[in-house]
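Student:
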Amino acid sequence: MKKKAIYSHKCDWCNRELILNGSDSDSYVITAEYKYFCIIQDKGKPAERDCMADYLNDINEKIIKKAKDLETKKRQKEEQEKLEKEKRNLERVRVLPKLEALKKEFKDREFQRRLSKHPS
Ligand SMILES: [Zn+2]
Numbered sequence: 004m005k006k007k008a009i010y011s012h013k014c015d016w017c018n019r020e021l022i023l024n025g026s027d028s029d030s031y032v033i034t035a036e037y038k039y040f041c042i043i044q045d046k047g048k049p050a051e052r053d054c055m056a057d058y059l060n061d062i063n064e065k066i067i068k069k070a071k072d073l074e075t076k077k078r079q080k081e082e083q084e085k086l087e088k089e090k091r092n093l094e095r096v097r098v099l100p101k102l103e104a105l106k107k108e109f110k111d112r113e114f115q116r117r118l119s120k121h122p123s
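Start counting the sequence shown at 4; every next residue gets the next number (my numbering).
Laid out in structure tokens, this is it:
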């Protein structure tokens with residue numbers, strides 16, 4: 004008796020090996036993109052396992068998350084730009100006194116160095 008070839012394919016969601024034909028075949032669905040998903044469902048009952056639904060839910064969640072992330076990033080960027088602007092405004096005010104203070108410090112140091120070089 005010639006054995007019929009058994010085809011199998013991994014579920015694109017849970018990676019379970021699906022038997023595609025023969026008497027031990029699993030129930031599965033193939034999408035238009037040739038993705039394979041297991042589906043275990045008795046007639047009139049909610050699906051026991053529905054990998055395509057899980058897969059689609061996951062994609063939906065990813066899209067929602069991405070949209071939220073983008074929104075958060077946009078808001079963060081706006082906040083950051085606002086802070087940068089404030090910082091620049093503050094720096095413009097602060098830069099001069101700071102420079103003066105630095106110059107004074109250098110002068111003082113130079114003065115002290117000269118003093119220590121020539122002890123009286
Ligand atoms: Zn699966």
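Glycine is no exception: its CB is placed at the ideal position from the N, C-alpha and C atoms.
Start and end of the beta strand (DSSP E) containing Leu21?
Tutor: The residue labelled residue 21 in the question sits at position 18 within the sequence shown. Residues Glu20 to Ile22.
Student: Any contact of the region 33-47 with the region 55-69, i.e. 3+ C-beta pairs under 8 Å?
Tutor: yes
Student: Consider the C-beta atom of Asn92 and the heavy atoms of ligand 1; say whether any pair is separated by less than 8 Å.
Tutor: Residue mapping note: residue 92 aligns to position 89 of the sequence shown, counting from 1. No, since every heavy atom of ligand 1 falls outside the 8 Å radius drawn around the Cβ of Asn92.
Student: How many Å lie between Lys46 and Lys80 at the Cα?
Tutor: One-based indexing of the sequence shown puts residue 46 at position 43. One-based indexing of the sequence shown puts residue 80 at position 77. The straight-line gap from Cα to Cα measures roughly 52 Å.
Student: Bridge partners for Ser11 per DSSP, in chain order?
Tutor: To locate residue 11, count along the sequence shown from 1; it is residue 8. Its beta-bridge partners are Ile22.
Student: Compute the Euclidean distance between the alpha carbons of Lys90 and Val32, then round it to the nearest angstrom.
Tutor: Taking the first residue of the sequence shown as 1, we reach residue 90 at position 87. Taking the first residue of the sequence shown as 1, we reach residue 32 at position 29. Approximately 58 Å, taken between the alpha carbons.
Student: Which residues end up in the neighbourhood of ligand 1 when you take C-beta atoms closer than 7 Å to any of its heavy atoms?
Tutor: Cys14, Trp16, Cys17, Arg19, Phe40, Cys41, Arg52 and Cys54
Student: Consult DSSP for Tyr31 and reduce its assignment to one of helix, strand or coil.
Tutor: In the sequence shown, residue 31 corresponds to position 28, counting from 1. Of the three classes helix, strand and coil, the one that applies to Tyr31 here is strand, per DSSP.
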